[in-house]
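Below is one structure, written out as structure tokens; comments come after it.
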Amino acid sequence: MCGIIGYTGKEAAKDILINGLKQLEYRGYDSAGIAVLDEKTGIVMKKRVGKVAELEQAASGESTQATCGIGHTRWATHGGVTETNAHPHRQGSVTICHNGIIENYKELTAEYGLKNILNSETDTEVVAALLDKFYEGNPYKTIKKVIDLLAGSFALCIMFDDQPGQIFAIRNVSPMVAASFEGGSIIASDLTAVINFSKKYFVVPEYHILTLSQSGIDVQDLKGRKVEPEILEVNWDITSAQKGGYPHYMLKEINEQPEALERTIAPRIQDGLPFLEDDGIDDEVLKNLKSIVVVACGTAMHAGMVGKSLIESKLRIPVTVEIASEFRYKDPIIDSDTLVIVVSQSGETIDTLEALRLARKKGCKVLSIVNVKGSTIARESDYVLYTHAGPEIAVASTKAYTVQISAMYILAARIGYVKEILSADEVRDFMTRLSGVGEIMQETINSSNDIRRIANHIKTAPDVFYIGRGIDYTISLEASLKLKEISYIHAEAYAAGELKHGTIALISEQVPVIAIATEESVYAKVISNVREVKSRGAYVILICQEGKTESEEVCDKQIFIPKTDSEFGVFATAVILQLIAYYTSDAKGLDVDKPRNLAKSVTVE
Ligand code: M6R
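Here you go:
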């Protein structure tokens, strides 16, 4: 959601900023802009509604050689998608880009009489106006003064006309990382725009003022004390964030799943048992927990639901899965006996982060399952279990989902072991089977040709229903989200047994129903539900284990996953459902990786 970049160095900034914005496109946006500052010629600013390519085209006529500038991809929150509302925003001698929401911008506008000077409808321009109003030649003092007035979340990159070659930055909640390198400094919303310059970086600490210049980055807290931020190193390179010959990131990321699982699972096995010592996870906490609450959003929340299904059935420990945006406003019933597991690919989702803070305030230990190293959620948790999916660029989450499930499984195995609910042999057997899921996924990927034909069939459907029971129901929730978000087809997931309580009224001739029936214990029950929709004219696609061939009376099409125990079938099933969504979106000619209205990481409420 919104991408920010700032560069100052020896090279011309314009192209660097535009290329950086291209790296940030995946975060989701609807307009883009850059501003470069040159000592002699002053500010050159370009903004466009639409893609970064359009901005690039518009900026191609500018021959500026300015070596310092800021850029932005905007995902509209305050004010429509217009060129005026796009960032950067400029007031007087101040130019800024902002990610986040200034909650009190209306009050500030009134209090400081800014109404008549604002050009846009944005909250951001109010910050620019305040900075300009208070500026008397000392950027640090001015920023500090304005920050004290702001309520909300922000990542700000600021340029003052009389400070050429310098970018000032500050953040609260909204993420930013920064790096200095031979000949310059760079700051951005995430690493994808930084990694071309340096593999060493730091997470911008909240409420610290950064001054970026050609010679490095100065970091000071709000008391004016110099701070040395912790330098981190990325363990992937830019090729991981490129398409690598695939037509879309999503397809690449679906194909990367076996490897990502291997990277996440293998280092956590020692002597056949789940091993979390290197992650710093305290066995005592696992041993003493009485209940678990999983908090997350979207796909990450669906991964939590799969975890719940496993933990409750195998360990008989109660697990509640909460939507983070609900959890944070409902005074949840949790205490120090509850382990709160927070799941997030980005580690920056605002509702998940606030839920984490609430849980800690209530005295719970928080363990997070996070993909992005050093992200805010990871840093604020008591314990972190990193997934090693590598960068996930497509907005639709795929590999992050399956590695999150694998992390929940490892955790479940360790809890079962330390609480002595499962014997060492049972846990070893479980871990052996978990280690095999990558191979099963690969097999499924290799035999997925048929799925393209299915996508052709459903691409014209106005509605698609997913049904399943138990763990298959939780997977169907994720499947319907995936189809909705990238194909724009209305899709619903239903517990198969619930159909007759209302939804079956929507089933008519040719409505595709994707039935997931990989769980042996409820297979026959799901087939009865399938017969019910089939006899009302639905086009039924049945996903089940090899060997369960059904007649045409039951379904129109079958897709098989390799034979495996029910709790591990989720990995292969996920591949099939991800590919159905992928091929459907592609067959409709849609922008698979960057679906409309969506952002990769939701950093505003
Ligand atoms: O970064 P997070 O895992 O916290 O993101 C949570 C959701 O926004 C995310 O899973 C979203 O639902 C997916 N992009 C959907 O594919």
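For the sequence shown, my numbering gives the first residue as 40, with consecutive numbering after it. Just so it is clear, CB atoms sit at the ideal spot from N, CA and C, and this is done for glycine as well.
Beta-carbon separation (whole angstroms), residue i vs residue j, contact threshold 8 Å
| i | j | result |
| --- | --- | --- |
| glutamine 617 | lysine 521 | 6 Å |
| leucine 516 | methionine 344 | 7 Å |
| threonine 388 | valine 641 | 5 Å |
| isoleucine 444 | glycine 346 | 7 Å |
| glycine 191 | isoleucine 140 | 5 Å |
| isoleucine 44 | isoleucine 109 | 7 Å |
| leucine 195 | phenylalanine 241 | Contact flag wrong, Cβ pair sits at about 17 Å. |
| leucine 153 | alanine 168 | 5 Å |
| alanine 446 | threonine 303 | 6 Å |
| threonine 231 | leucine 392 | That pair is no contact at about 20 Å. |
| threonine 441 | alanine 613 | 5 Å |
| glycine 386 | isoleucine 416 | 4 Å |
| asparagine 177 | phenylalanine 193 | So it is not a contact: roughly 20 Å between Cβ atoms. |
With 16 other Cβ atoms within 10 Å as the buried cut-off, status of residue i
| i | result |
| --- | --- |
| tyrosine 448 | buried |
| lysine 529 | Note on identity: in this sequence residue 529 is histidine, with lysine being the wrong assignment. Exposed, because fewer than 16 other Cβ atoms sit within 10 Å of the Cβ of histidine 529. |
| proline 551 | buried |
| lysine 633 | buried |
| valine 75 | buried |
| proline 306 | exposed |
| tyrosine 246 | exposed |
| glutamate 146 | exposed |
| tyrosine 288 | buried |
| isoleucine 372 | exposed |
| threonine 623 | buried |
| valine 609 | buried |
| isoleucine 350 | buried |
| proline 357 | exposed |
| proline 13 | The shown model of the chain, from 40 to 644, leaves out residue 13, and the question about it has no answer. |
| lysine 61 | buried |
| serine 383 | buried |
| alanine 544 | exposed |
| glutamine 584 | buried |
| arginine 264 | exposed |
| proline 501 | exposed |
| valine 266 | exposed |
| glycine 42 | buried |
| asparagine 495 | exposed |
| arginine 367 | buried |
beta-carbon residue i near the ligand M6R non-hydrogen atom, thresh 6 Å
| i | result |
| --- | --- |
| alanine 417 | no |
| glutamine 34 | Because the chain here runs from 40 to 644, residue 34 falls outside it and cannot be looked at. |
| glutamine 384 | yes |
| alanine 435 | yes |
| glycine 346 | no |
| glycine 222 | no |
| valine 242 | no |
| alanine 339 | yes |
| serine 474 | no |
| cysteine 645 | The chain is shown from 40 up to 644; residue 645 falls before or after that span and cannot be answered. |
| threonine 391 | yes |
| threonine 388 | yes |
| serine 640 | yes |
Distance cut-off 6 Å: residue i Cβ against heavy atoms of the ligand NAP
| i | result |
| --- | --- |
| aspartate 390 | Absence of the ligand NAP from the depicted structure is noted, with the ligand M6R being the only ligands included. |
Please give the ranges of any beta strand (DSSP E) in the segment 425 to 495, keeping only runs that are unbroken, at least 3 residues long and fully inside the region. Runs of the beta strand (DSSP E) inside the segment 425 to 495: none found.
Fully enclosed by the segment 550 to 603, which beta strand (DSSP E) runs are 3 residues long or longer? The segment 550 to 603 contains these whole beta strand (DSSP E) runs: 551 to 556, 578 to 584 and 596 to 600.
Measuring CB atoms only, is the segment 115 to 123 touching the segment 178 to 188, in the sense that at least three cross pairs come out at less than 8 Å? With a cut-off of 8 Å on Cβ pairs, the segment 115 to 123 is not in contact with the segment 178 to 188, counting fewer than three such pairs.
Every unbroken alpha helix (DSSP H) inside the segment 362 to 438 [4 residues or more]: For the segment 362 to 438, the full-length alpha helix (DSSP H) segments reaching 4 residues or more read 363 to 366, 389 to 400 and 415 to 419 along the chain.
Pair every Cβ in the segment 404 to 411 with every Cβ in the segment 368 to 383, then say whether three or more of these pairs are closer than 8 Å. The answer is yes - the segment 368 to 383 touches the segment 404 to 411, with three or more Cβ pairs under 8 Å.
Along the chain, which unbroken stretches of the alpha helix (DSSP H) at least 4 residues long are found entirely within the segment 43 to 112? DSSP runs (the alpha helix (DSSP H)) wholly in the segment 43 to 112: 52 to 63 and 91 to 98.
Any alpha helix (DSSP H) of 4 or more consecutive residues that is wholly inside the segment 278 to 360: Complete alpha helix (DSSP H) runs here, min 4: 288 to 294, 296 to 304, 322 to 327 and 337 to 354.
Is it the case that the segment 203 to 213 contacts the segment 246 to 255, given that we only count it when at least three CB pairs across the two stretches are under 8 Å? By the Cβ test, the segment 246 to 255 is in contact with the segment 203 to 213, since at least three Cβ pairs between them sit closer than 8 Å.
Below 8 Å, can you find three or more Cβ-Cβ pairs linking the segment 599 to 615 to the segment 417 to 436? Touching, no, given that fewer than three Cβ pairs across the two stretches are closer than 8 Å.
Pairing CB atoms from the segment 158 to 174 with CB atoms from the segment 106 to 120, are three or more of them under 8 Å? Touching, yes, given that three or more Cβ pairs across the two stretches are closer than 8 Å.
Secondary structure, beta strand (DSSP E): runs of 3+ residues fully inside the segment 206 to 243: If you keep only unbroken beta strand (DSSP E) runs of at least 3 residues inside the segment 206 to 243, you get 206 to 211, 216 to 220, 223 to 227 and 239 to 242.
The segment 533 to 547 / the segment 502 to 517 touching (three or more Cβ pairs under 8 Å): With contact defined as three or more Cβ pairs closer than 8 Å, the segment 533 to 547 and the segment 502 to 517 are in contact.
Assess contact between the segment 584 to 597 and the segment 451 to 460, defined as three or more Cβ pairs (one per stretch) separated by less than 8 Å. Is contact present? The segment 584 to 597 vs the segment 451 to 460: no contact.
Say whether the segment 87 to 101 touches the segment 248 to 268, bearing in mind that this needs 3 or more beta-carbon pairs closer than 8 Å, one atom from each stretch. The segment 87 to 101, when compared against the segment 248 to 268, does not touch it at the 8 Å Cβ threshold.
Where are the beta strand (DSSP E) runs, 3 residues long or more, that stay fully inside the segment 133 to 221, in chain order? You should have 133 to 141, 191 to 199, 206 to 211 and 216 to 220.
Would you call the segment 362 to 372 in contact with the segment 390 to 400, where contact means no fewer than 3 C-beta pairs closer than 8 Å? The segment 362 to 372, when compared against the segment 390 to 400, does touch it at the 8 Å Cβ threshold.
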